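Position one of the sequence shown corresponds to residue 36 (our numbering), numbered consecutively onward.
C-beta: ideal position from N, C-alpha, C; glycine also.
Please read these numbers as outputs of a predicted model, since none were measured by experiment.
I have placed the structure first, in the form of structure tokens, so that the comments after it can refer back to it.
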Amino acid sequence: MRVEIAKLIARVGLGILMLFHGVHKLLYGLSGVTGIISAHDLPDIVTYGVYIGEIAAPVMLILGLFTPLAALAIIIDMLMAIILVYFDAIFTVTEHGAWSIEVPMLYLTGAVVIALMGPGKYSLDYYLYERKK
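Here it is as structure tokens:
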């Protein structure tokens with residue numbers, strides 16, 4: 036029971052935290068992301084992947100629906116952020132002693148853990164697929 040509640044907390048917690056980033060981009064636009072994508076000579080369509088990784092995937096995590104795919108989308112989103120935004124800071128620390136890519140790494144590792152653990156009993160995945168087995 037405790038493990039199932041822990042899975043729920045991890046899923047919902049990561050989903051809510053990521054959703055804040057997505058809602059901000061939904062309200063204020065993707066101009067910052069577009070600039071980063073353009074600076075790396077990537078196609079403009081890549082910009083819209085942010086909506087998958089920061090809106091669709093977090094909602095799916097919160098609901099526990101297609102949880103491994105949702106976690107994978109967040110993993111890809113965070114890897115892209117680390118490579119495109121934080122790459123020059125990978126081996127640096129902030130003035131407070133924190134690793135410069137600490138926050139994206141926390142999101143990345145959280146998504147990896149959720150992908151490996153699975154959605155848990157308190158998820159739509161469980162009620163749609165696992166419960167019937």
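query: Would you call the CB atoms of M113 and Y142 closer than 8 Å?
result: Position 78 of the sequence shown, counted from the start, is the residue given in the question as residue 113. Position 107 of the sequence shown, counted from the start, is the residue given in the question as residue 142. Going by C-beta atoms, M113 is nearer than 8 Å to Y142.
query: Under 8 Å between the Cβ atoms of L96 and I44?
result: Counting from 1 along the sequence shown, the entry for residue 96 is found at position 61. Counting from 1 along the sequence shown, the entry for residue 44 is found at position 9. Taking 8 Å as the Cβ cut-off, L96 and I44 do not qualify as a contacting pair.
field: CA-to-CA distance, D79 to I109, given in whole angstroms
entry: One-based indexing of the sequence shown puts residue 109 at position 74. One-based indexing of the sequence shown puts residue 79 at position 44. Near 19 Å, if we compare the C-alpha coordinates of D79 and I109.
- prompt: Hey, quick one: how far does the alpha helix (DSSP H) through P154 stretch, first residue to last?
  reply: Along the sequence shown, read from residue 1 onward, the residue named residue 154 stands at position 119. Per DSSP, P154 belongs to no alpha helix (DSSP H) and is neither H nor E.
message: Going by DSSP in three states, V128 sits in which element: helix, strand or coil?
response: Within the sequence shown, the letter at position 93 stands for residue 128. Here V128 sits in strand by DSSP.
task: Report the residue from H75, S73, V68 whose alpha carbon sits nearest the alpha carbon of E89.
output: On the sequence shown, position 54 is the one that residue 89 refers to. When each option's Cα is compared against that of E89, the closest is V68.
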